[in-house]
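Novice:
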Amino acid sequence: MSSSATSPFISRIPAAARLIYVSTEASLPDNLLPNSLPTWIARHYAGEGGGDRGRLPLPERAAVRAWLAQEGIDSQTDVVVYDAGNGSSAARAWWVLNWAGHHRVAILDGGLKSGNPEAAAAEPTVFTSHGSFQSITSEEIGQNPQGFLLVDARGTSAFDGDGSAPAHLPGAINIPMALLQDAEGKLLPYSQRKGLVDEFNLKQRDRPLVIYCGSGNAAAWLAAALQDLDIDPTLYVGSWSAWSARQA
1 MSSSATSPFI
11 SRIPAAARLI
21 YVSTEASLPD
31 NLLPNSLPTW
41 IARHYAGEGG
51 GDRGRLPLPE
61 RAAVRAWLAQ
71 EGIDSQTDVV
81 VYDAGNGSSA
91 ARAWWVLNWA
101 GHHRVAILDG
111 GLKSGNPEAA
121 AAEPTVFTSH
131 GSFQSITSEE
141 IGQNPQGFLL
151 VDARGTSAFD
161 GDGSAPAHLP
171 GAINIPMALL
181 QDAEGKLLPY
191 SQRKGLVDEF
201 NLKQRDRPLV
211 IYCGSGNAAA
221 WLAAALQDLD
231 IDPTLYVGSW
241 SAWSARQA
């Protein structure tokens with residue numbers, strides 16, 4: 001990854017950008033930002049789940065490219081994704097679109113909760129994602145879990161479980177995505193995130209960094225939050241929903 005990588009989170013929407021709302025619910029909120037294209041996690045950013053595939057496995061790249069083309073979104077279109085929750089759904093969309101080959105994607109920091117963001121100045125904002133956007137399978141991790149720096153982006157209670165059975169991947173450390181958010185659910189400043197990166201030694205080069213969560217959404221947010229810190233993690237999209245089924 002380039003050391004000049006910038007954060008994909010933005011607070012001002014470029015006038016020419018295409019807005020994409022990302023939902024996990026069947027119904028849509030009444031206060032969507034104007035001219036937003038509604039999309040759904042299960043329909044647009046995931047394949048058919050179940051069993052050891054996990055709840056939300058990756059879709060086919062061709063399917064993602066097809067619906068983008070159908071909506072008139074091409075390689076020169078700046079896209080801004082947002083959601084009404086904690087940002088993890090929008091981050092999932094950001095990651096999948098990049099993985100499918102569309103790299104002009106930004107995440108609206110704070111999402112719908114941030115209100116109607118001020119439009120950017122007339123000078124267009126160009127944002128290009130950096131990173132490899134690589135994924136990894138349960139089988140690849142299972143061959144040697146100790147060979148990876150495994151980071152679980154779920155909350156502490158989910159990571160710990162109730163103590164009756166394993167609740168996370170062997171050897172994983174817990175860095176909840178909320179740890180990198182402020183009280184309003186927005187991205188912490190660079191200096192604070194860098195402090196956490198140093199604290200958890202995420203830049204160690206002896207093992208590849210793999211991020212996971214429950215079904216790939218919070219992990220995608222954490223990956224986005226690390227992008228401007230010269231960290232290029234691999235995403236375990238199947239996450240705990242796939243790993244736990246594999247262990248059953």
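Everything in the sequence shown is counted per full-length UniProt numbering, starting at 1 for the first residue and increasing by one. For each residue, glycine too, the CB sits at the ideal point set by N, CA and C.
What do you get for ALA69, buried or exposed, if any count of 16 or more other CB atoms within 10 angstroms of its CB means buried?
Specialist: exposed
Novice: With a 10 Å radius around its C-beta and 16 neighbouring C-beta atoms as the bar for buried, classify LEU28 as buried or exposed.
Specialist: exposed
Novice: Report the residue ranges of all beta strand (DSSP E) runs contained in full by the segment 146-202; include only those spanning at least 3 residues, in chain order.
Specialist: 149-152
Novice: Give every residue of the same chain whose Cβ lies closer than 6 Å to the Cβ of LEU222, excluding the five residues on either side of it in the sequence, and list them in chain order.
Specialist: Residues of the same chain with a CB within less than 6 Å of the CB of LEU222, apart from the 5 flanking positions on each side, are ALA153, MET177 and ILE211 in chain order.
Novice: Look up VAL22 in the DSSP assignment and say whether it is helix, strand or coil.
Specialist: strand
Novice: May I have the straight-line CA-CA distance separating ARG193 from LYS186, to the nearest angstrom?
Specialist: 12 Å
Novice: On a Cα-Cα basis, can you pick out the residue from ILE136, TRP240 and ILE20 that is closest to PRO170?
Specialist: TRP240
Novice: Could you compute how far the alpha carbon of GLU123 sits from the alpha carbon of ASP78?
Specialist: The predicted position of GLU123 is uncertain, since its pLDDT is 46 and thus under 50; a value taken from the coordinates is nonetheless stated next. Cα to Cα, GLU123 sits roughly 13 Å from ASP78.
Novice: Using a Cβ-Cβ cutoff of less than 8 Å, which residues in the same chain neighbour GLN204 once the five nearest sequence positions on both sides are dropped?
Specialist: Cβ neighbours of GLN204 beyond the five flanking positions: LEU149.
Novice: For SER23, does the count of other Cβ atoms within 10 angstroms reach 16, so buried, or fall short, so exposed?
Specialist: That one is buried.
Novice: Report yes if the CB atom of ASP52 is closer than 8 Å to the CB atom of ALA245, and no otherwise.
Specialist: yes
Novice: In whole angstroms, what is the alpha-carbon distance linking VAL237 and ALA15?
Specialist: 32 Å
Novice: Which runs of the alpha helix (DSSP H), 4 residues or longer, sit entirely within the UniProt domain "Rhodanese" (59-124)?
Specialist: With a minimum length of 4 residues, the continuous alpha helix (DSSP H) runs that stay inside the UniProt domain "Rhodanese" (59-124) are 61-70 and 88-99.
Novice: For GLY161, count neighbouring Cβ atoms within 10 angstroms of its own Cβ and tell me buried if that reaches 16, exposed if not.
Specialist: exposed
Novice: Got a sec? Which residues, its chain only, sit under 6 Å from PRO38 by beta carbon, not counting five neighbours each side?
Specialist: TYR21 and LEU28
Novice: Would you list the residues sitting across from LEU37 in a DSSP beta bridge?
Specialist: ILE20
Novice: What number of angstroms, rounded off, separates the C-alpha of VAL64 from the C-alpha of LEU58?
Specialist: 10 Å
Novice: Taking the beta carbon of TYR190 as the centre, do at least 16 other beta carbons fall within 10 Å, making it buried, or is it exposed?
Specialist: Of the other Cβ atoms in all chains shown, fewer than 16 fall within 10 Å of the Cβ of TYR190; this residue is therefore exposed.
Novice: Could you tell me which residues DSSP puts in a beta bridge with LEU209?
Specialist: LEU149
Novice: Quick one: does ALA93 have its CB under 8 Å from some CB of chain C?
Specialist: The structure shown contains no chain C; it is built from a single protein chain.
Novice: When you compare the CB positions of ALA5 and ASP228, do they come within less than 8 Å of one another, or not?
Specialist: yes
Novice: Rounded to a whole number of angstroms, what is the C-alpha to C-alpha distance between ALA106 and ALA84?
Specialist: Near 16 Å, if we compare the C-alpha coordinates of ALA84 and ALA106.
Novice: In chain order, what residues of the same chain have a beta carbon less than 7 Å from the beta carbon of TRP243, not counting five sequence neighbours either side?
Specialist: Excluding sequence neighbours, TRP243 sits near SER138 and LEU169.
Novice: Hey, LEU196 and LEU209: beta-carbon distance below 8 Å or not?
Specialist: no
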